[in-house]
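According to the UniProt record's numbering, the residues represented by the sequence shown are 1 to 1164, in order.
Idealized CB from N, CA, C, for every residue including glycine.
To start, the structure itself, in structure tokens.
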Amino acid sequence: MLYYAPAFIFRKRISSSFLRVTDKIKELIENQKNIPPLFKLLIDRSTSNQLSTFEDIDTQDVELYFPLPSSEEQRRIVYDLLRSHGIVVQGPPGTGKSHTIANLICHFLSMGKRILVSSHTSRALKVLHAKLPEEIASLCISFLGDDQQSKQRLEKSINDIIEKQHNFNKGKYIQELNEKSEALKQVKRELAALDQKFVKLKNRENEEHFINQSYHGQLSSIARKIKEKEKEMGWISDPISVSLPLDIQTFSSLLTILRKHYSQEKELSKEIHPDLQNWIEEFINLAQEEKKITSAFFEEPFQRLSDKTLEDLLSSCRSLLNDYRSLSLPTDLLQKAAVEIIQGNVEIWNELSEITQTFLNQKRLIERLEKVKGWEIQLPSPSLSRTNLLTGAKKLYEHLKKGKGLGWWIFRPKLVKETRFLWQDTFVNGQVCNHINILNDLLEYLQIFSDFSELANRWNINDQDKSINEIMGFVKTVQNWHNQLSKLLEIGKYKEDIKQNLNNLSLLAFPLHSISDIEQLFQKIQNHLGWLQLQTIRQKKEEIERQITFFAYKKNVHPICEKLLQAIKKEDIPLIRNELLSKLINLKQDKADLTNALDQLKKLKIHAPKLVEEILQTYENKVWDERTQNLPEAWLWAQAKTYIEKELQKEDIPSLEQRHKELEKEKQKLIIDIISLKSWESCLSTMTSEQRKSLFSWQQEVKKIGKGTGKHAETHRRNAQRYMEKGYKAIPAWIMPFYKLLDSLAVNPEVFDVIIMDEASQSGPEALILFFLAKQIIIVGDDQQISPEGVGIDQSLVNQLRKKWLENIDQDYFKKSLSVDTSLFDIAKVVLNVLIPLKEHFRCMPEIIAFSNQLCYQQNPLIPLRQQYGKERLEPLKSVYVRGGYREGSRGFVKNEPEADEIANTIAQLCNDIRYKDKTMGVISLQGEQQADIIRKKLQEKIGETTMKERKLICGDANAFQGDERDVIFLSMVAASNERIGVLNKEADKRRFNVAASRARDQLWLFHSILLQDLNNECMRYQLLNHFLNYQSPPTSLPDFEKCESQFEKDVARFINQKGYLIELQHKPLSDANYRIDILVVGQRSRLAVECDGPHHLDPEQIKKDLQRQRILEQSGLEFWRISLFEWELKKQNALEPLWEKLNEKGILPLNTSYNDNSLKMTA
């Protein structure tokens, strides 16, 4: 009998391709004897992972081209790869591995690198492709599967590359790239300037501010003092930014003047000529001067001369007479000289003066006398005159000067004999004059007497028998006489000058032959000048009277002017001086005081208009007496308040943050543009026409391979490989699962600059081929997730093979530990020894990922960045006990129908629940795949394929979900007490449970037919169920305010909490334990970080680091709102008004408030 019985025939698709590739690698190594450095790491433990070209690189100089927000760990991947052949990235569930790889692809493309991104399956790679910027997507050939979408994507990539190469203009690319690069630099400069400004603003609290002597220190302490003094000192409401323009005394005087004169302002405003007082005082002085003039006669000879000329003549005569009268003229000779010099006979006296000057100056008579004053001179017989001595001494001196001696006895020269009295009887200071030097001193001594004799004769002095001291006295006397003679000669010249002036002025009637003639001339000039002065005084008096008359009859003139005018006409000086002038002075002073007071108020009004207005309206009020004493302090208070308010308004932090967001968007857009330009330029500029043709041919051959089942599939596969050998270098990036890689690409050493292997914990030792194909490698995975399992493989056979083939490899790990259940991730950790862990968790709610943290990541717990609280928040953990549940089947083919029904019914109900609108879902069986199949069939019946597709609802085991996620996940425990429950406590079990429990974003359900007491506490089931039943959720009650770092922070937190908002204090959002958010306000849809900026943030460097971490969190969707301590001190709770607006804007409402829009999703 024949009947229809469909059959499935499976083959292990990787085996043949794997053997072909390994054979090729073996052949290349044997032929070339050239093992790539990365591959050599696998077999030679002495090989270093550090690049031979490594140089110490400053990471600040490394330009990163990441189109997506990046963390410190992502950046470290690039930095470490600059130093190493390869690195390992540990990516636990939900830590953004695909996001990280997308950034790395873009960066390496912009560096002109050829890249391969691979994975054990295509699931994670499909997610990855969606994260790449559209501008470079075509450069990344995604060879993910045989479905229509994968083929279309592949075809589009090849077409785009070929089309762009056809239209490629390198110059245009380079020009645009330079423009974009310069624009990026400018944006980065602006961002740096913004951050610097932001740090400066935040650091204001730490800085010392000196506003004035009363208000200085940190802004918060200043603001606190302002608040404390407000009641006492806050009566100046004007904004004050300058020092007080007057002191207490001035203000008090101003107040006194206002009280005394402001009511008389109208009268005092009447005009008084500003010169009136001067005129009156001048009139009085003129009258007094007029009385003093006693000698005033008109001298006809002088009438044509100007006052200046007469004054000069008078001054000359006065000077001459004063000089003459100052002389004593002690000798007859000088008196005679005086008469003759005035008469004009000066020749003999000039001669006497010149001769005396010669003796005193040129012959230095006094100086020579001082020199010999102490000498002891012994002369021969007194009968021998000094003249003869001098003559003999000169002759003997000349004799000796010629080098001749005194001779001996009778043979002495005649001259020597004639001057015996010198060299025998004459002594100078005890030495006989027998040597030229002593004789020279004698000559100097005798010459003094000769010179004095001549000088004495000139001045009629007896020069006989004078000692040196007497001569010195006489010489000094002559010096004094000579000074008087010199003055007489000067007076004579002066007289001649006057006489010459008179002659020039044709005044010949004044001969000036004597002193009395000069005195008579002086008197006549003085008489005439007195007469002229009298005329001037009278004219000035008349002019003063005229000016006052002109002014006194103008309008709005003070009456004092008229009274003064009448007194002047009468020349009533006593009335003017004793009464009217005093009154005028007082009036002027009152007017000046009031004017000055009003001027002071005008100046004050420039800075404090409201204060001045209040003063003018209420100056009589006694309150001003007290305020006067407090004025300086009140002014300082107002100045400080103004300063603080300006500090608050100096920079609008929200606008800075908004500008920062705009610049970040612009920066990311420019980075994407630059990545695109650099990547396309690098690709297209090196592509040859042969490569372009090969790519096209490869594309056609790949299409023909199809699913690889046709009879010509192998031929097309070989053709594709042949074409790719020619064209692969033209493609900068390949994205394909490992099995596709083996089928498609040519095998050559270091064919790729960088290979990134995702989900490496799922790949086995076969993936070590990648070490041969790459210059550098990045292994991404997690040893706490599902790894290869050697089910059904004889381990002893593996050990034999390892011993046979790996014994000679210099790598202990391979010789001792390599097995079929060893993952590529495990191997890479040992070989590369560079591990970068990703810790920030973006997927699950904290309660969900807490299980994985407890199970697998206690040493380095994941940090959940998503927080969600509020009235309509989905409860993260939901457990359902299926009473009456039972397990059927054995080994991998087990099921629990009651659990399956409960799950299907629950999902059907939730699909109609508004809270689950648009939520994606998934079902994971924790024991075997049969349970998942049963649930899938039940769901198809209850909700239909369309709803399942809309919800992306799939059912499977943990393997089916690794690398995937859903909003809501339903776990089926399967196990039940009706059958023996084995203990799941192996590492493989732990990894499966870790994967299963970390797929849900918002909510994780656990359906179980057993209780905790039914389970062994070492079993994974026990630990999961215990987590659901006993996990302590974050408290929603009163926060622990003692966590706050300052009273300021505590006060702000209390106000927010009293408003009904849910808050978390000292929240640690990152792996850095030193970084905390002061207050995290948590809502249903989003969160808001509230930072209290006070002086407890002391270190400027720490402020910069905190800002960098804030930027990382902002990239994850967390927004910050800041309040400064000094603003809080100044405004208290009113300072939080903008916060309430911001919370409302973000949809963060108090806990007792309902949300109306259930379609909104939380950003994280």
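**Prompt:** Between residue 399 and residue 415, is the Cβ-Cβ spacing less than 8 Å?
**Reply:** As a first step, residue 399 must be located in the sequence shown, where it is residue number 399. As a first step, residue 415 must be located in the sequence shown, where it is residue number 415. In contact: residue 399 and residue 415 (Cβ atoms closer than 8 Å).
**Item:** Cβ-based burial, residue 374 [other Cβ within 10 Å; buried from 16]
**Value:** Locating residue 374 in the sequence shown gives position 374, where the first residue counts as 1. Burial call: exposed.
**Message:** On the DSSP letters alone, give me the boundaries of the alpha helix (DSSP H) that residue 967 sits inside.
**Reply:** Taking the sequence shown and counting its residues from 1, one reaches residue 967 at position 967. That residue, residue 967, is in no alpha helix (DSSP H); its beta strand (DSSP E) goes 966 to 976.
**Item:** Rounded C-alpha distance that separates residue 154 from residue 95
**Value:** The count along the sequence shown starts at 1 and reaches residue 154 at position 154. The count along the sequence shown starts at 1 and reaches residue 95 at position 95. Roughly 29 Å separates the two Cα atoms.
**Asked** How do the region 833 to 853 and the region 92 to 106 stand: do at least 3 beta-carbon pairs fall below 8 Å, yes or no?
**Response** yes
**Asked** Secondary structure at residue 932, three-state DSSP: helix, strand or coil?
**Response** Taking the sequence shown and counting its residues from 1, the one referred to as residue 932 is at position 932. In this structure, residue 932 counts as helix in the three-state DSSP scheme.
**Item:** Chain-order list of residues whose beta-carbon lies under 7 Å from that of residue 587 (same chain, five-residue window excluded)
**Value:** Taking the first residue of the sequence shown as 1, we reach residue 587 at position 587. Within the same chain, residue 587 has close Cβ partners 272, 558, 560.
**Item:** Enclosing beta strand (DSSP E) for residue 86 [first to last residue]
**Value:** Start at 1 with the first residue of the sequence shown, and residue 86 comes out as number 86. Element bounds for residue 86: 86 to 90.
**Asked** If you compare alpha carbons, which of 1133, 1124, 1026, 1139 is closest to residue 199?
**Response** Within the sequence shown, residue 199 is the residue found at index 199, counting from 1. That would be 1124, whose Cα lies nearest to the Cα of residue 199.
**Item:** Bridge partner(s) assigned by DSSP for residue 418
**Value:** Locating residue 418 in the sequence shown gives position 418, where the first residue counts as 1. Residue 418 pairs with nothing; no bridge assigned.
**Terminal residues of the alpha helix (DSSP H) in which residue 310 lies** = Residue mapping note: residue 310 aligns to position 310 of the sequence shown, counting from 1. From DSSP, the alpha helix (DSSP H) with residue 310 extends over 307 to 325.
**Prompt:** Based on the DSSP output, what are the partners of residue 1092 in its beta bridges?
**Reply:** Along the sequence shown, one-based indexing puts residue 1092 at 1092. DSSP output for residue 1092 lists 1123 as bridge partner(s).
**Asked** What separation, rounded to the nearest whole angstrom, lies between the Cα atoms of residue 181 and residue 604?
**Response** Position 181 of the sequence shown, counting from 1, holds the residue named residue 181. Position 604 of the sequence shown, counting from 1, holds the residue named residue 604. Approximately 55 Å between the Cα atoms of the pair.
**Asked** Any idea if residue 592 is buried or exposed, counting beta-carbon neighbours within 10 angstroms, 16 or more meaning buried?
**Response** The count along the sequence shown starts at 1 and reaches residue 592 at position 592. It is exposed - the Cβ of residue 592 has fewer than 16 other Cβ atoms within 10 Å.
**Request:** With a 10 Å radius around its C-beta and 16 neighbouring C-beta atoms as the bar for buried, classify residue 822 as buried or exposed.
**Result:** Within the sequence shown, residue 822 is the residue found at index 822, counting from 1. It counts as buried.
**Request:** Within its chain, find whatever has a CB closer than 6 Å to the CB of residue 326; leave out the 5 residues flanking it on each side and keep chain order.
**Result:** Along the sequence shown, read from residue 1 onward, the residue named residue 326 stands at position 326. No residues qualify anywhere along the chain.
**Request:** For my contact list, residue 896 and residue 972 are in at a C-beta cut-off of 8 Å; report their separation, rounded to the angstrom.
**Result:** Residue 896 sits at position 896 when you count from the first residue of the sequence shown. Residue 972 sits at position 972 when you count from the first residue of the sequence shown. Rounded, the Cβ-Cβ distance is 7 Å, consistent with contact.
**Request:** Could you have a look at residue 160 and say whether DSSP puts it in helix, strand or coil?
**Result:** Here the question's residue 160 lines up with position 160 in the sequence shown. Three-state result, residue 160: helix.
**Message:** Closer than 8 Å is the cut-off here; do at least three beta carbon pairs connect the region 776 to 785 with the region 747 to 763?
**Reply:** yes
**Prompt:** Do residue 341 and residue 565 come within 8 Å of each other at the CB atom, strictly closer than that value?
**Reply:** The sequence position of residue 565 within the sequence shown is 565, counting from 1. The sequence position of residue 341 within the sequence shown is 341, counting from 1. Contact: no.
**Item:** Delimiting residues of the beta strand (DSSP E) encompassing residue 1065
**Value:** Indexing the sequence shown from 1 puts residue 1065 at position 1065. Note, residue 1065: beta strand (DSSP E), 1062 to 1067.
**Request:** Using the Cα positions of residue 1154 and residue 204, report the straight-line distance between them to the nearest angstrom.
**Result:** Along the sequence shown, read from residue 1 onward, the residue named residue 1154 stands at position 1154. Along the sequence shown, read from residue 1 onward, the residue named residue 204 stands at position 204. Reliability fails at residue 1154, whose pLDDT of 45 lies under 50, so the model's placement of it is uncertain and no value is given.
**Request:** Determine the burial state of residue 927: buried for a count of at least 16 other Cβ atoms within 10 Å of its Cβ, exposed for fewer.
**Result:** Sequence index remark: in the sequence shown, residue 927 carries index 927 (1-based). Buried, since its Cβ has 16 or more Cβ neighbours within 10 Å.
**Request:** Go through its chain and collect everything with a Cβ distance to residue 819's Cβ below 6 Å, but skip five positions before and after it.
**Result:** Residue mapping note: residue 819 aligns to position 819 of the sequence shown, counting from 1. Answer for residue 819: 798, listed in chain order.
**Prompt:** In terms of DSSP beta bridges, what is residue 1008 paired with?
**Reply:** Position 1008 of the sequence shown, counting from 1, holds the residue named residue 1008. BP columns for residue 1008 point to 881.
**Request:** Assign residue 1081 to one of two classes, buried (16 or more other C-beta atoms within 10 Å of its C-beta) or exposed (fewer than that).
**Result:** For the purposes of this step, residue 1081 is identified with residue 1081 of the sequence shown, where counting begins at 1. Classification for residue 1081: buried.
**Start and end residues, beta strand (DSSP E) containing residue 199** = Here residue 199 refers to the residue found at position 199 of the sequence shown. First-last for residue 199: 170 to 202, but that is the alpha helix (DSSP H), not the beta strand (DSSP E).
**Request:** Apply the 10 Å Cβ neighbour rule to residue 226 and answer buried if 16 or more other Cβ atoms are within range, or exposed otherwise.
**Result:** Taking the sequence shown and counting its residues from 1, the one referred to as residue 226 is at position 226. By the neighbour-count rule (16 or more Cβ atoms within 10 Å), residue 226 is buried.
**Request:** Could you tell me which of 242, 78, 171 sits nearest to residue 58, measuring between CA atoms?
**Result:** As a working note, residue 58 is residue 58 in the sequence shown. Cα-wise, what sits closest to residue 58 is 78.
**Item:** Nearest-angstrom Cα separation, counted from residue 1091 out to residue 1166
**Value:** The structure shown does not extend to residue 1166, since the chain spans only 1 to 1164, so no value can be given for it.
**Residue nearest to residue 775 in terms of C-alpha spacing, selected from 87, 515, 860** = Locating residue 775 in the sequence shown gives position 775, where the first residue counts as 1. When only C-alpha atoms are compared, the closest one is 87.
**residue 1113 to residue 38 span [Cα, whole Å]** = As a position in the sequence shown, residue 1113 is number 1113, starting the count at 1. As a position in the sequence shown, residue 38 is number 38, starting the count at 1. If I take the Cα positions, the gap works out to 36 Å.
**Prompt:** Of all the beta strand (DSSP E) runs that stay within the bounds of the region 321 to 362, which reach a length of 3 or more residues?
**Reply:** none
**Request:** Could you check how far apart the C-beta atoms of residue 967 and residue 919 are, in whole angstroms? I think they sit under 8 Å.
**Result:** What you label residue 967 is simply residue 967 of the sequence shown in a count that begins at 1. What you label residue 919 is simply residue 919 of the sequence shown in a count that begins at 1. 4 Å between Cβ atoms; contact.
**residue 1122 beta carbon less than 8 Å from that of residue 1093** = In the sequence shown, counting from the first residue as 1, residue 1093 sits at position 1093. In the sequence shown, counting from the first residue as 1, residue 1122 sits at position 1122. Yes. Within cutoff.
**Request:** List the residues that DSSP assigns as beta-bridge partners of residue 216.
**Result:** Along the sequence shown, read from residue 1 onward, the residue named residue 216 stands at position 216. Bridge partners of residue 216: 210.
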